[in-house]
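Structure first, then comments.
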Amino acid sequence: MNPLGTLGETVTIEASELEEAPKHLSSVEAAALPLTGLTAWRAVMTKSQQAKPGRNILITGIGGGVALMALLFASAAGANVFVTSGSEEKLKKAKAMGAAGGVNYKEEGWEKKLVAQLPADRKKLDAIIDGAGGEIAGGVIVVYGMTISPKMPFLMSAVLQNIDVRGSTMGSRKEFADMVKFVDQKNLKPIISRTVFGLDNIDGINSLFEDMKSASQFGKLVVEVAKEDQVSSKL
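Heads up: take any position in the sequence shown, counting from 1, add 229, and you land on our numbering.
Right under this line is the structure:
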């Protein structure tokens, strides 16, 4: 919950802002958890209120850190999670993580393919967790980002269908504590796409930004500033 950033060898923050990292996480995994975990937690657990057994949740653009944490949270809560991606490889990885199904949004008629994958006794989406901000439809739409467009068309037909759009940003201090507790209880781990070591590794750090630019990553990109056995925290 440090508002000043954490990409440094030494960081000083208020003790009240700290949560003990779950013991099953490595230092890299723990570093990858707060921002993506809290953003996904608020979107899935607080805003959508649909992360329950038997509910159908769609997560768009699977592959980013927030979307993957949303998949982990919703699946662990018992929901049927479906995903979209423009990459068949990312869809395959998401299914291996617990997604009930997925569709390639670059294919014609992907919406019908998605409906065909929904359970026979519940042919509807209860919530969509979206980080793109594009033109989407569903029951409850929780938008936490706008990587595609800052504008989101919303038609009167959506109002008549009782579609509820909810904006979502990071989260509160309490939500942060609840999220860390859930991760600990469910033994969840953030997905790490790639790690580079050293703040002086300019080429390595730049390569992480290239991964982001090309949207090739699957999970978090982490800069490791020191090896775990070389540093210690003090309260």
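In this text, a Cβ means the ideal position worked out from N, Cα and C, and glycines have one as well.
The structure presented is a predicted model; accordingly, all values stated were derived computationally and were not measured.
Under a three-way DSSP split, which group does residue i fall into?
i                 : result
glutamate 453     : strand
glycine 331       : strand
valine 409        : helix
threonine 265     : helix
alanine 250       : coil
serine 255        : coil
arginine 402      : helix
phenylalanine 447 : coil
asparagine 309    : strand
aspartate 359     : strand
isoleucine 421    : strand
serine 314        : strand
List the whole-angstrom C-beta distance separating residue i from residue j, where the pair is believed to meet the contact cut-off of C-beta under 8 Å.
i                 : j             : result
phenylalanine 438 : lysine 319    : Incorrect: roughly 19 Å between the Cβ atoms, too far for contact.
isoleucine 286    : alanine 272   : Isoleucine 286 to alanine 272, Cβ: 10 Å. No contact.
threonine 275     : glutamate 404 : 6 Å
proline 419       : alanine 296   : With a Cβ gap of about 12 Å, proline 419 and alanine 296 do not count as contacting.
phenylalanine 311 : alanine 329   : 6 Å
Go through its chain and collect everything with a Cβ distance to residue i's Cβ below 7 Å, but skip five positions before and after it.
i                 : result
phenylalanine 426 : Glu453
lysine 281        : Ala306, Gly307, Ala308
alanine 259       : Ala250
glutamate 243     : none
asparagine 333    : Ser314, Gly315, Glu317, Leu320, Trp339
May I have the straight-line CA-CA distance separating residue i from residue j, to the nearest angstrom?
i              : j              : result
leucine 417    : lysine 353     : 28 Å
isoleucine 358 : methionine 298 : 11 Å
serine 422     : alanine 444    : 11 Å
leucine 343    : threonine 289  : 12 Å
glycine 283    : glutamate 246  : 35 Å
glycine 213    : threonine 313  : The structure shown does not extend to residue 213, since the chain spans only 230 to 464, so no value can be given for it.
aspartate 355  : leucine 428    : 43 Å
valine 412     : leucine 264    : 14 Å
isoleucine 291 : glutamine 279  : 19 Å
lysine 322     : glycine 331    : 10 Å
aspartate 350  : aspartate 440  : 40 Å
glycine 253    : leucine 301    : One detail in the question is off: residue 253 reads as histidine in this sequence, not glycine. About 16 Å.
glutamine 414  : lysine 442     : 34 Å
lysine 341     : lysine 410     : 38 Å
Can you list, in chain order, the residues of its chain with a C-beta nearer than 8 Å to that of residue i? Leave out the 5 residues immediately preceding and following it.
i           : result
alanine 406 : Glu248
alanine 455 : Glu238
valine 257  : Ile421, Thr424, Val451, Glu453
glycine 400 : Leu267, Thr268, Trp270, Arg271, Thr275, Met408
Jot down the residue ranges of each uninterrupted beta strand (DSSP E) in the stretch 267 to 292, minimum 3 residues, whole runs only, in chain order. 285 to 288
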